[in-house]
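Peer 1: One structure is given below, represented as structure tokens, and several questions about it will come after.
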Amino acid sequence: MKELDPLVFLAVFQEMLGPMLWLMLGLAVLGVAAFVALLAREKGIVARRLVRAELIGLFGGVLALVIMARVSSSGFTDAGGPADWFLIALVYGLGVVATAVLAYAVMGWLAPRKAA
Amino acid sequence: MTDDPAPGARAIDDQRARRRFLTRLGALPLAATVAPARADKLRTQVRIVIAGGGAAGLTAASRLASALDGAVITVIDPRREHWYQPGFTLVASGIKPEAYPVSGTADYVPKGVQWVQEKVAEIDPEGRKVVTDAGRTFGYDYLIVALGLELNYAGIEGMDTARIGRDGLGSIYLSPAGAAATWRALSQFADKGGVGLFGRPAGEMKCAGAPLKYTFITDDHLRRRGHRGKAEIHYMAHAKTLFGVPIVAEKVRMLYADRGVKVHHEHVLQAIDLDRRIATYRTPLGTTEQAYDFINVVPPMRAPEVVRRSPLPWTEGPFAADGYAEVDRATLRHRRYPNVFAVGDVAGVPKGKTAASVKWQVPVAVDHLIGDLRGQPSTQAYNGYTSCPLITRLGQAMLIEFDYQDNLVMSFPGVIAPLEELWISWVMKTMALKPTYISMLRGRA
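If you're matching them up, the sequences are chains A and B in order. Under this note's numbering, think of the first position of the first sequence as 17, with each following residue one higher. Under this note's numbering, think of the first position of the second sequence as 178, with each following residue one higher.
Right, here's the structure in full:
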């Protein structure tokens, strides 16, 4: 892996995840779009909902680590150096953010804030 | 290759650079639609025969098919199953199931490429033709030899591959079934303890890191089951060092000392008594016998018979004895037959016989072939790059990458240290390597 071409990454992820890749990318795009649309509609963040979404996000981070451990037949307990801590933080962080954004959007669209 | 193309170099590289530029701009979907168009696809009626449809042969077929228009490309190989060989160690470690390395050759033969399901029986570079076991003759303008290598189990007296998995006999190289059977034998050993023997043959071999890995993995399984104290692990090195790259050899020496692996130098497995469980090693002082409870037999390896019988092997030097093809180490072009290339395990070049070598050899060889067709000689060179995620315990590996000069090469400098036991390297081995390999077969990585 001397030449880190983004297209190579795309090919590898396609082989790794198959149709799941497009499903996940679709979900990510949809989630972010729903989140942004909600922000626009409500003209700001609803603090109470955000806190709830963040709490749910914490579980999402743990879930991401559990999934990672399963598919790699190993776990974060195998961490041996800084690169590993970085990877753990990355996986956990992505899990937290993705879940929080999704949760916020879902909650917002299911139970919109009453017009002030 | 990281080398920048020379001024005026091929349009192929220009397009690659353009693609990279576009993707850096974040215009990934645009780049993806630009790529397959390949405005510079070369129109030609050249006849190319690819002898062997393993990792190297299929990768070459994919790359040629996407670069040439109208060429007659023929892959000759009878094997319907394709084996992802880097996965064998994981099967033999109980990490992956037996089916993990198995897929079908047909999945990777690109459109427009003819797949002849026969065995190459004769290579005639003077007459520019290849003959199959069914008696069919295929003339060629260019030949890519990608016939891999032969596991010479008969080179060990008393060895019987049918008994792998029983009586403490393991051998991860034979097949996915052999790797799975080896796991059963290793698992029994890890339950009881005893004497475990590891080692490697003299001469060139596939993935020289694999025998080292398997020793580490055995140590870890014993520890996890609480039986390490009841076991002795011996590593029989064929040479005076543990690995061909000195800095890696030193690191492994330190790790083996830490794990209590006893190292014996200049020991080469010569004979085995499967009933009495005794291995006989050739040493500079004569032969020595060693009883075992578990042994991982790594057979001697050599070029396939059809290559050894052909005019293609080296006639002198370190690769002559085992019949590997006499190619230039930078271009993979045959030194006596310029329209013949050899890639993958069959190539008589130093260092790795690994999938990573294939990944970097094939594009260079293909570029030189296309350069010939265009009348613009290629400037690309293969520097011997290969890589080996050396598993040091379940859940950790060292991502070791090196070249012809024994230099450590780093794909992720500053992030992944080559001689550090890391989870991230294990994650790459278990999750990313197979998809990368499959992408390589399809000519996409």
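Glycine is no exception: its CB is placed at the ideal position from the N, C-alpha and C atoms.
Using the beta-carbon count (16 or more within 10 Å), is B/Lys407 buried or exposed?
Peer 2: Classification for B/Lys407: exposed.
Peer 1: Determine, for B/Val592, whether the minimum Cβ-Cβ distance to residues of chain A falls below 8 angstroms.
Peer 2: Cβ-Cβ to chain A under 8 angstroms: yes for B/Val592.
Peer 1: How big is the Cα-Cα spacing for B/Arg506 and B/Glu381?
Peer 2: Those two C-alpha atoms are separated by around 15 angstroms.
Peer 1: Would you say A/Gly96 lies against chain B (beta-carbon separation less than 8 angstroms)?
Peer 2: Answer yes: the Cβ-Cβ gap between A/Gly96 and chain B drops below 8 angstroms somewhere.
Peer 1: Cβ closer than 8 angstroms: which chain B residues qualify as neighbours of A/Val52?
Peer 2: Here the premise fails: no neighbours, minimum Cβ distance about 18 angstroms.
Peer 1: Return helix, strand or coil for B/Tyr319, following the three-state DSSP convention.
Peer 2: Note: B/Tyr319 maps to strand in three-state DSSP.
Peer 1: When the cut-off is 8 angstroms and only beta carbons count, does A/Met40 lie next to chain B?
Peer 2: Output row for A/Met40: interface = no.
Peer 1: Anyone know if the C-beta pair for B/Leu546 and B/Phe518 falls short of 8 angstroms?
Peer 2: Cβ atoms of B/Leu546 and B/Phe518: closer than 8 angstroms.
Peer 1: How is B/Met413 classed by DSSP in three states: helix, strand or coil?
Peer 2: Strand, per DSSP.
Peer 1: Using CA atoms only, rank isn't needed, just tell me which of A/Arg68, A/Gly73, A/Gly77 and A/Gln30 is closest to A/Tyr108.
Peer 2: Per the Cα distances, A/Gly77.
Peer 1: Give a yes or no on whether the minimum CB-CB distance between B/Ser364 and chain A is below 8 angstroms.
Peer 2: Output row for B/Ser364: interface = no.
Peer 1: Which residues in the same chain as B/Ala354 place their Cβ atom closer than 7 angstroms to its Cβ, once the five residues preceding and following it in sequence are excluded?
Peer 2: So the list reads Glu275, once near-sequence residues are dropped.
Peer 1: Starting from A/Val113, find everything on chain B with Cβ-Cβ shorter than 9 angstroms and list it in chain order.
Peer 2: Neighbours of A/Val113 on chain B: none; closest Cβ ~20 angstroms, over 9 angstroms.
Peer 1: Entirely within the region 449-482 of chain B and at least 3 residues each: give me those beta strand (DSSP E) ranges in chain order.
Peer 2: Correct list: 455-460, 463-468 and 471-473.
Peer 1: Could one say the Cβ of B/Ile321 lies closer than 8 angstroms to chain A's Cβ atoms, at least one of them?
Peer 2: Chain A contact via Cβ: absent.
Peer 1: Alpha carbon to alpha carbon, how far is B/Arg485 from B/Tyr501?
Peer 2: One C-alpha to the other measures close to 7 angstroms.
Peer 1: For a quick check, are the C-beta atoms of B/Asn473 and B/Ile349 less than 8 angstroms apart?
Peer 2: Contact flag set, yes.
Peer 1: Who does B/Gly371 pair with in a DSSP beta bridge?
Peer 2: DSSP lists B/Ala408 as partners of B/Gly371.
Peer 1: Grouping DSSP H, G and I as helix and E and B as strand, with all else coil, what is B/Gln553?
Peer 2: B/Gln553: coil per DSSP, three-state reduction.
Peer 1: Taking the continuous alpha helix (DSSP H) assigned at A/Phe92, which residues delimit it?
Peer 2: It is not in any alpha helix (DSSP H) - A/Phe92 carries neither H nor E in the DSSP assignment.
Peer 1: Name, please, each residue of chain B whose Cβ falls closer than 8 angstroms to the Cβ of A/Ala49.
Peer 2: Under the 8 angstroms cutoff, chain B gives no residues; its nearest Cβ is about 16 angstroms from A/Ala49.
Peer 1: So the candidates are B/Leu451, B/Thr508 and B/Ala414; which of them puts its Cα closest to the Cα of B/Ser555?
Peer 2: When only C-alpha atoms are compared, the closest one is B/Thr508.
Peer 1: Got a sec: is the Cβ-Cβ distance from B/Ala532 to anything in chain A below 8 angstroms?
Peer 2: So, not an interface residue.
Peer 1: Pull up the distance between the alpha-carbon of B/Val523 and that of A/Arg86, whole angstroms please.
Peer 2: The alpha-carbon atoms of B/Val523 and A/Arg86 are separated by roughly 37 angstroms.
Peer 1: To the nearest angstrom, how far is it from the Cα of B/Leu567 to the Cα of B/Val429?
Peer 2: Each residue's Cα considered, the two are about 10 angstroms apart.
Peer 1: Can you pull the DSSP bridge partners for B/Lys439?
Peer 2: In the DSSP output, where bridge partners are listed per residue, B/Lys439 has B/His411.
Peer 1: State the Cα-Cα distance for the pair B/Trp360 and B/Arg459, rounded to the nearest angstrom.
Peer 2: B/Trp360 and B/Arg459: Cα-Cα distance of roughly 27 angstroms.
Peer 1: Could one say the Cβ of B/Val520 lies closer than 8 angstroms to chain A's Cβ atoms, at least one of them?
Peer 2: Not one chain A Cβ lies under 8 angstroms of B/Val520.
Peer 1: Just list the residues that DSSP pairs B/Pro276 with in beta bridges.
Peer 2: The question names Pro, yet the displayed sequence has Ala at residue 276 of chain B. B/Ala276 is not bridged to any residue.
Peer 1: Give the interface partners of B/Glu598 over in chain A, defined as CB-CB distance under 7 angstroms, in chain order.
Peer 2: The answer, in chain order, is Gly96.
Peer 1: Go through its chain and collect everything with a Cβ distance to B/Thr464's Cβ below 7 angstroms, but skip five positions before and after it.
Peer 2: The residues are Gln447, Thr457 and Tyr458.
Peer 1: Spell out whether any CB of chain B is found under 8 angstroms from the CB atom of A/Ala99.
Peer 2: So, interface residue.
Peer 1: Is there a Cβ from chain B that is less than 8 angstroms from the Cβ of A/Leu103?
Peer 2: For A/Leu103, the answer is yes, since a Cβ of chain B falls inside 8 angstroms of its Cβ.
Peer 1: Does the beta-carbon of A/Trp125 have 16 or more other beta-carbons within 10 angstroms, so that it is buried, or is it exposed?
Peer 2: By the 10 Å Cβ count, A/Trp125 comes out exposed.
Peer 1: For the region 314-323 of chain B and the region 216-229 of chain B, state whether three or more C-beta atom pairs, one from each stretch, are separated by less than 8 angstroms.
Peer 2: Touching, yes.
Peer 1: Three-state secondary structure (DSSP) at B/Gln262?
Peer 2: It is helical.
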